[in-house]
Amino acid sequence: MTPSGNSGAAPLKSDPTTDDIPARPFNPHRCCASTAMTALVQDVLRFMEGYEAYYKKRKRRRNAAAQATYEATVEAVVCDLVHRQLEVLGGQVHVTQSHQILRSKSRYKDVALGKTLSDILKVMSAEEMSFISLSAGERKFTIKDQALNVAVSGKQTVLGSGSRLLRLIEGSCITFADIGRTPDEEVILLREPKQRDDKPGKLVEYADTEETPTLREQMQVINT
Numbered sequence: 001m002t003p004s005g006n007s008g009a010a011p012l013k014s015d016p017t018t019d020d021i022p023a024r025p026f027n028p029h030r031c032c033a034s035t036a037m038t039a040l041v042q043d044v045l046r047f048m049e050g051y052e053a054y055y056k057k058r059k060r061r062r063n064a065a066a067q068a069t070y071e072a073t074v075e076a077v078v079c080d081l082v083h084r085q086l087e088v089l090g091g092q093v094h095v096t097q098s099h100q101i102l103r104s105k106s107r108y109k110d111v112a113l114g115k116t117l118s119d120i121l122k123v124m125s126a127e128e129m130s131f132i133s134l135s136a137g138e139r140k141f142t143i144k145d146q147a148l149n150v151a152v153s154g155k156q157t158v159l160g161s162g163s164r165l166l167r168l169i170e171g172s173c174i175t176f177a178d179i180g181r182t183p184d185e186e187v188i189l190l191r192e193p194k195q196r197d198d199k200p201g202k203l204v205e206y207a208d209t210e211e212t213p214t215l216r217e218q219m220q221v222i223n224t
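So in full-length UniProt numbering, spot 45 of the sequence shown is number 45, and the numbers just go up one at a time.
See below:
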C-alpha cells in the first residue's frame, strides 16, 4: 500500500492545552496500513533496539514469538498515539498497568495489552528516547467503615506523543488512511447490562459455538 496524501486528515485543534483535552482509552488493535506508517514504526523500533543494546537491557535475544509480540506492541502504541494526534493536537490515551489485567487472557485483548507492555512503555518514555510522554497511574485504598471494608479508586496511566515521535509525524505526511486495525480483533462483543447510562456494560467472556465463525465473518464485512 502506498503512502497517503493529506486528504482524509482530521481537522486539528489549534494551540491546545493538554490539560483541557480528555484522554481516551488506548486502542491496542491499531496497526500499520501503509508503507509510510510501517517506515515510521521501524524507525522507532530501530532507536529502541539501540537503546536496549547500549544500556544492556537484555541478557539474551528474544525468541521469535517474543520478538513478534514486542514489535506488535510497539506498533500498536505508536499507531494509536499517531491516530490520537491526528484526532486532536496534544491528544492523549489512558491505559491500564495492572499486572492482573495485563497477564490475564481474554478474547477481547490484543497482544499489545500483554505482560511486556509496562517495560516497553518505560523504554519508549526514557529521556533518551522521548517517543512518548507517560504520566503514571495510581490506586487509592480507602477504609469505608468500622468493618474495615475497603474502597478502591484511582486513575490509569496516561500516554501522549513525545517530542521525537512528534518530529517523525511532522515529517511523514501520515493521515488516518495510513493506520488500520488488526485482523484478529474480536468483533462480537457480549456485555453485561448497563449499570449507568453513560457507560457500556462490562464485557463478558464466552465460548465459540458452531455459529460463531459465520457471525464473526458477517460482522467483519459490516465493519469494513
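All C-beta atoms, glycine included, are put in the ideal place defined by N, C-alpha and C.
Residue burial classification, residue i (beta-carbon count within 10 angstroms, cutoff 16)
| i | result |
| --- | --- |
| tyrosine 70 | buried |
| cysteine 173 | exposed |
| serine 153 | For serine 153, the pLDDT reaches just 48, beneath the cut-off of 50, and the residue's location in the model is therefore unreliable, although a value from the coordinates is still provided. Serine 153 is exposed by the Cβ-count criterion. |
| alanine 23 | buried |
| glycine 114 | buried |
| glycine 90 | buried |
| serine 125 | buried |
| glutamine 85 | buried |
Length of the line joining the Cα atoms of residue i and residue j
| i | j | result |
| --- | --- | --- |
| proline 25 | leucine 121 | 16 Å |
| arginine 191 | arginine 167 | 40 Å |
| threonine 214 | aspartate 208 | 11 Å |
| glutamate 87 | phenylalanine 176 | 9 Å |
| lysine 57 | serine 118 | 14 Å |
| valine 187 | arginine 216 | 6 Å |
| threonine 38 | valine 74 | 11 Å |
| valine 204 | lysine 59 | 39 Å |
| glutamine 100 | glutamate 128 | 30 Å |
| residue 226 | serine 98 | Since the first and last residues shown for the chain are 1 and 224, residue 226 lies out of range. |
Sequence-distant residues of the same chain with beta carbon closer than 6 Å to residue i, five excluded per side
| i | result |
| --- | --- |
| serine 133 | Gly160 and Gly162 |
| asparagine 27 | Asp80 |
| valine 158 | Ala23, Gln92, His94 and Ser135 |
| methionine 48 | Val123 |
| glycine 50 | none |
| tyrosine 206 | Leu190 |
Among the options, nearest to residue i - alpha-carbon criterion
| i | options | result |
| --- | --- | --- |
| alanine 36 | Val93, Ile179 and Glu87 | Ile179 |
| leucine 189 | Pro200, Gln195, Ala76 and Leu40 | Pro200 |
| valine 44 | Arg60, Arg62, Ala72 and Asn63 | Ala72 |
| residue 311 | Arg61, Pro193 and Tyr108 | Because the chain is modelled from 1 through 224, residue 311 falls outside the range shown and cannot be assessed. |
C-beta contact flag for residue i and residue j at 8 Å
| i | j | result |
| --- | --- | --- |
| arginine 181 | histidine 29 | yes |
| cysteine 31 | alanine 64 | no |
| valine 78 | valine 41 | yes |
| leucine 102 | phenylalanine 131 | no |
| residue 225 | threonine 96 | Past the boundaries of the shown model lies residue 225; the chain is included only from 1 to 224, so the question cannot be answered. |
7 Å Cβ shell around residue i - same chain, five flanking residues per side excluded
| i | result |
| --- | --- |
| valine 221 | none |
| glutamate 170 | none |
Close Cβ partners of residue i (< 8 Å) along its chain, the five nearest in sequence each way excluded
| i | result |
| --- | --- |
| tyrosine 55 | none |
| arginine 62 | Tyr70 |
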